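Under the numbering used here, the sequence shown has 184 at position 184, and the numbering climbs by one with no breaks. Written below as structure tokens is the structure these notes are about.
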Amino acid sequence: MKMDKLSDLKHLFVTVFLANFALNVIPPAITDITVGALCPSQDECSLAIYLSGFQQAILGLGSMMMLPLLGHLSDIYGRKALLTVPVAASIIPSVILAIGRSTNYFYVYYAVKTFTGMVSDSGIECLSIAYAAANISEEKRVSAIGFVAGIGSAASLLGTMAARFLCTAQIFLIAAISSMVATIYMRIFVKETSGRIDSEPLNQPILVDNGEERSQSKSVSQSFKEVLPLKDIFCLLKSSVTLSLATVVAFLNGLGEGGQQTPYLYFLKARLQYNKDNFAVLMLIGYTGAAIGQLFLMP
1 MKMDKLSDLK HLFVTVFLAN FALNVIPPAI TDITVGALCP SQDECSLAIY LSGFQQAILG
61 LGSMMMLPLL GHLSDIYGRK ALLTVPVAAS IIPSVILAIG RSTNYFYVYY AVKTFTGMVS
121 DSGIECLSIA YAAANISEEK RVSAIGFVAG IGSAASLLGT MAARFLCTAQ IFLIAAISSM
181 VATIYMRIFV KETSGRIDSE PLNQPILVDN GEERSQSKSV SQSFKEVLPL KDIFCLLKSS
241 VTLSLATVVA FLNGLGEGGQ QTPYLYFLKA RLQYNKDNFA VLMLIGYTGA AIGQLFLMP
């Protein structure tokens, strides 16, 4: 059943806020944690830059594989069921660093974050937008997507601001609690969407088997066999010039931002002795503009 008002998505908005707050309270502190764990008593650490770059590459490739999979499965099992996966996955890395931030704990965090980040970093935003698009009337759809993006940016802004005033140990504890609350809140209050795809064109799955009808009675194992192969993703990109160009723009934008941000933070720490408080102020400038634009201009 379609919702006619943006207020009908209020529980989704709360979930998006809590989940994004948990994700974005961590970045201002992670540079200090990484350097302290890998190069104790030093401000310069080339190993930290190499490991961060490697992690970004793995996260990017993994997200490219996992996000179409999550989207496909959400067509079968419903948006809420699949949104639970990235929100719950974001709990584990925060808990690890809340327990300890020594070298051993950092390596455990690094490995776990590399895997969970494939679904949590971008999956929360993508599936939240998919949920909003599937459950709001067509005339309100663009505004709903704008609100989801804007609330995510507002959560990033407040998470970064909180990191400025919290101590390092509290940051990861707050992040873990926020992710847990988001997961529980979503499971209780967010309404489940049917896994059945209706006849409205905008609600059709992007990729379907030729002429094959999906039955509600299919087993889990059979559904996984239907997961779209990688070649179908490339076929989809080749079938639409607009989608291909949008993908290229998104890739180049992410490449530029990722290549600039990580070395830049380590440079500031090495040359200007920046810490989490300085990083938080720096990030606040960017998040403030993003939140204002997405909350008030996009809708």
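Where is the CB? At the ideal position from N, CA and C, for every residue including glycine. Just so you know, these numbers come straight off a predicted model, no measurement behind them.
Alpha-carbon to alpha-carbon, residue j and residue i
i: V241; j: V249; result: 12 Å
i: I92; j: Y287; result: 25 Å
i: S46; j: C39; result: 9 Å
i: Q170; j: S94; result: 11 Å
i: S122; j: Q42; result: 33 Å
i: I30; j: Y109; result: 11 Å
i: K238; j: A290; result: 31 Å
i: N20; j: N275; result: 22 Å
i: C167; j: E139; result: 45 Å
i: Y105; j: A37; result: 9 Å
i: S74; j: S102; result: 38 Å
i: T183; j: F17; result: 12 Å
i: F234; j: Q273; result: 45 Å
i: R164; j: I49; result: 23 Å
i: T188; j: K5; result: A small correction: the amino acid at residue 188 is Ile; Thr does not occupy that position in the sequence shown. Rounded to whole angstroms, I188 to K5 spans 21 Å at the Cα level.
i: L9; j: M283; result: 29 Å
i: F147; j: G78; result: 21 Å
i: H11; j: M186; result: 7 Å
i: S199; j: S137; result: In this prediction, S199 has a pLDDT of 47, which is less than 50 and means its spatial position is unreliable; what the coordinates show is noted afterwards. Approximately 14 Å between the Cα atoms of the pair.
i: I197; j: G100; result: With a pLDDT of 48 at I197, under the threshold of 50, the modelled position of that residue is not reliable, and the figure given next carries that caveat. Their backbone Cα atoms lie some 45 Å apart in a straight line.
i: Q216; j: V190; result: Annotation note: pLDDT 45 at Q216 (below 50); position unreliable, coordinate value reported separately. Using only the alpha carbons, I get a separation of about 22 Å.
i: S52; j: N253; result: 18 Å
i: S221; j: N24; result: Low confidence applies to S221: its pLDDT is 48, below 50, so where it sits in the model is not reliable enough to give any reading.
i: F279; j: S143; result: 32 Å
i: A246; j: I58; result: 21 Å
i: F251; j: A98; result: 33 Å
i: A111; j: L236; result: 32 Å
i: P86; j: G150; result: 19 Å
i: S244; j: I285; result: 32 Å
i: L69; j: F296; result: 32 Å
i: A132; j: F267; result: 40 Å
Among the options, nearest to residue i - alpha-carbon criterion
i: V14; options: T193, Y264, E125 and N278; result: E125
i: G71; options: L127, N278, M283 and P86; result: L127
i: D277; options: A22, P27 and R101; result: P27
i: L67; options: A130, S178, N135 and S143; result: A130
i: A175; options: T160, N135 and Q273; result: T160
i: T193; options: S90, N135 and C235; result: N135
i: T262; options: A22, E44 and Q56; result: Q56
i: I96; options: L268, V181, P86 and Y107; result: Y107
i: L173; options: K191, H11 and A22; result: A22
i: I177; options: L69, A270 and A88; result: A88
i: R271; options: L236, N24, D32 and E44; result: E44
i: K269; options: V25, D32 and N24; result: D32
i: F54; options: T114, A98 and P86; result: T114
i: V281; options: A162, G152, T247 and A149; result: A162
i: S90; options: A132, A149 and M180; result: M180
i: R141; options: I292, S244, I58 and S7; result: S7
i: I34; options: T247, L265, L69 and I76; result: It should be noted that the sequence gives Thr, not Ile, for residue 34. Among T247, L265, L69 and I76, the Cα nearest to that of T34 belongs to L265.
i: G293; options: I76, G152, L69 and V112; result: G152
Boundaries (first-last residue) of the alpha helix (DSSP H) holding residue i
i: K276; result: K276 to I292
i: Q55; result: S46 to Y77
i: L12; result: K10 to N24
i: L166; result: Per DSSP, L166 belongs to no alpha helix (DSSP H) and is neither H nor E.
i: S90; result: S90 -> no alpha helix (DSSP H), and no H or E assigned at all.
i: G36; result: P27 to L38
Any C-beta of chain C under 9 Å from that of residue i
i: L127; result: Here there is only one protein chain, and chain C is not present.
Contact test: residue i Cβ vs the ligand MN heavy atom, cutoff 8 Å
i: A29; result: In the structure on display, the ligand MN does not appear, and there are no ligands present to speak of.
Checklist entry - Quick one: any contact between the segment 154-164 and the segment 82-89, if contact means 3 or more CB pairs under 8 Å? => result Cβ pair count under 8 Å is below three, so no.
Checklist entry - Is the segment 110-119 touching the segment 57-67 in the sense that three or more CB pairs, one from each, lie closer than 8 Å? => result They touch, by the three-pair rule.
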